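Chemist: Below you will find the structure I want to go over with you.
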Amino acid sequence: MESNSAVAGLRKKWGLTQNELAGMLGITQRALVDIETGKTRLRHIHVLALERISLELAVERGDASLALRPVAHFAMKYAAAFPRLESAS
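For what it's worth, full-length UniProt numbering labels the leading residue of the sequence shown as 1, then goes sequentially.
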């Protein structure tokens, strides 16, 4: 991940509010705002958490394009192995 501003772009791509993403990251909304605006440095632990979240969303929604590049291959593998619940009904 290149910069703090990329976090806001990802959040919007994923269709999440700041409050939703902050909850998934285990931080406050204020802390997420500080990361997105560059007031707080984007740490490696944040990047790892974003990769995990991207994988979860990609599999859950059946859309590998939501996964960040380092985990995209897992998203495609698991999305194929675990079809979406709607298609089972």
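No residue lacks a Cβ here, since even glycine has one placed at the ideal position from N, Cα and C.
Please read these numbers as outputs of a predicted model, since none were measured by experiment.
1) Do you know how far the Cα of Gln18 is from the Cα of Thr28?
2) I need the straight-line Cα distance from Arg41 to Ala49, nearest angstrom please.
3) Near Arg55, what residues of its chain come up, given a Cβ to Cβ distance below 7 Å and the 5 sequence neighbours on each side ignored?
4) Could you spell out where the alpha helix (DSSP H) holding Lys12 opens and where it closes?
5) Taking a contact to mean a Cβ-Cβ separation below 8 Å, would you say Ser5 touches Glu51 in this structure?
6) Report yes if the C-beta distance between Leu21 and Leu32 is below 8 Å; otherwise report no.
7) Quick one: Cα of Gly23 to Cα of Val59, how far?
8) Do you know whose CA, among Leu57, Ser65, Ile45, Gly62, lies nearest Gly26's CA?
Modeler: Considering the structure as presented:
1) 9 Å
2) 15 Å
3) What sits at residue 55 in the sequence shown is Leu, not Arg. Excluding sequence neighbours, Leu55 sits near Ala67, Val71, Phe74, Ala75.
4) Lys12 -> alpha helix (DSSP H) spans 4-13.
5) 8 Å or more divides the Cβ of Ser5 from the Cβ of Glu51.
6) Yes, these two residues count as a Cβ contact at 8 Å.
7) C-alpha separation (whole angstroms): 19 Å.
8) Ile45
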